[in-house]
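Contents: one structure, followed by commentary.
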Amino acid sequence: MVSDTIYVGSINPVKINAALNTLSDTLEHDFDAQGMAVPSGVPDQPMSEDETRLGAINRVKAMLAHHQGGLTDAWYVAIEGGVDVFEDGPATFAYVAIYHEGHWSVTRSASLPLPVSVYQALQRGEELGPVMDKLFDMTNVKQKGGAIGLLTLNHATRQSVYEVALTLAMAKFHFPDLYTD
Numbered sequence: 000m001v002s003d004t005i006y007v008g009s010i011n012p013v014k015i016n017a018a019l020n021t022l023s024d025t026l027e028h029d030f031d032a033q034g035m036a037v038p039s040g041v042p043d044q045p046m047s048e049d050e051t052r053l054g055a056i057n058r059v060k061a062m063l064a065h066h067q068g069g070l071t072d073a074w075y076v077a078i079e080g081g082v083d084v085f086e087d088g089p090a091t092f093a094y095v096a097i098y099h100e101g102h103w104s105v106t107r108s109a110s111l112p113l114p115v116s117v118y119q120a121l122q123r124g125e126e127l128g129p130v131m132d133k134l135f136d137m138t139n140v141k142q143k144g145g146a147i148g149l150l151t152l153n154h155a156t157r158q159s160v161y162e163v164a165l166t167l168a169m170a171k172f173h174f175p176d177l178y179t180d
């Protein structure tokens, strides 16, 4: 049975819409999505893959704790954006975590290369959204297309990248007999 509610570990409309669109599409079911302001347990700007992954998982765990272990049939989704330095330079990406009826799926999105000057601002303690707002003279880009939209000329957006990552994470729920936790 498919629940009618997706709980999303954020009140950011980009994350809520990504979860709603992806699960509605992949499960071919109409859902309501409810954003929840829950802690990530990591810095506001995660600076490594490990911190970013942990942030997504912690957000799901916080929602489960709020619902005393989880509501029957509900879907819990969290998306945590972060940055790290890779062989080819700094990049931003997201981790997604999905929990449903005792099963987890956690995976990562594609990476967007970041200008070194942007990464240096993040190292000084700034967050990516406000840095991009200043750089492009925008307001609240993180609730719009994000750095991804700005740097790809909107050929991809923050939401579209999240939707791809969530779609990939759903594989474990489509074919549970092929995956074991």
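Going left to right, the sequence shown walks through residues 0 to 180 as numbering that gives the first Met the number 0 numbers them. All C-beta atoms in this analysis are idealised placements derived from N, C-alpha and C, irrespective of residue type, glycine included. Just so it is clear, the structure is predicted and the values come from calculations on it, not from any experiment.
**Asked** Does the distance from the C-beta atom of residue 5 to that of residue 74 stay below 8 Å?
**Response** In the sequence shown, counting from the first residue as 1, residue 5 sits at position 6. In the sequence shown, counting from the first residue as 1, residue 74 sits at position 75. Going by C-beta atoms, residue 5 is nearer than 8 Å to residue 74.
**Item:** Neighbourhood of residue 0 by C-beta, 8 Å cutoff - its chain only, sequence neighbours within 5 removed
**Value:** What you label residue 0 is simply residue 1 of the sequence shown in a count that begins at 1. Model confidence at residue 0 stands at a pLDDT of 44, short of 50, so the residue's coordinates are unreliable and nothing is read from them.
**Beta-carbon proximity list for residue 236, same chain, < 6 Å, skipping 5 on both sides** = Within the shown structure, residues of the chain are numbered from 0 to 180, placing residue 236 beyond reach of any answer.
**Item:** Beta-carbon gap between residue 106 and residue 146 smaller than 8 Å
**Value:** One-based indexing of the sequence shown puts residue 106 at position 107. One-based indexing of the sequence shown puts residue 146 at position 147. No, these two residues do not count as a Cβ contact at 8 Å.
**Request:** Note the first and the last residue of the continuous alpha helix (DSSP H) segment covering residue 55.
**Result:** For the purposes of this step, residue 55 is taken as the residue at position 56 of the sequence shown. Residues 48 to 65.
**Prompt:** Contact between the region 54 to 73 and the region 12 to 25: three or more CB pairs below 8 Å?
**Reply:** No: the two stretches stay apart, fewer than three of their Cβ pairs being nearer than 8 Å.
**Asked** Leaving out five residues before and five after residue 124 in sequence, what residues of the same chain have Cβ atoms less than 6 Å from its Cβ?
**Response** On the sequence shown, position 125 is the one that residue 124 refers to. Same-chain partners within the cutoff: there are none.
**Message:** With a threshold of 8 Å, are at least 3 pairs of Cβ atoms found where one atom belongs to the region 113 to 133 and the other to the region 97 to 104?
**Reply:** Three or more Cβ pairs closer than 8 Å define a contact, and the region 113 to 133 falls short of that threshold against the region 97 to 104.
**Prompt:** Going by other Cβ atoms of all chains shown within 10 Å of its Cβ, with 16 needed for buried, is residue 133 buried or exposed?
**Reply:** Counting from one through the sequence shown, the residue named residue 133 turns up at place 134. Residue 133 is exposed by the Cβ-count criterion.
**Request:** Write down the C-beta distance between residue 32 and residue 7 rounded to the nearest angstrom, noting that I regard them as a contact closer than 8 Å.
**Result:** Translated into positions along the sequence shown, residue 32 becomes position 33. Translated into positions along the sequence shown, residue 7 becomes position 8. Between residue 32 and residue 7 the beta-carbon gap is near 6 Å, inside 8 Å, which marks them as a contact.
**Request:** Measure the C-alpha to C-alpha separation of residue 144 and residue 108 and round it to an integer number of angstroms.
**Result:** Within the sequence shown, numbered from 1, the residue matching residue 144 stands at position 145. Within the sequence shown, numbered from 1, the residue matching residue 108 stands at position 109. Straight-line measurement puts the Cα of residue 108 at about 15 Å from the Cα of residue 144.
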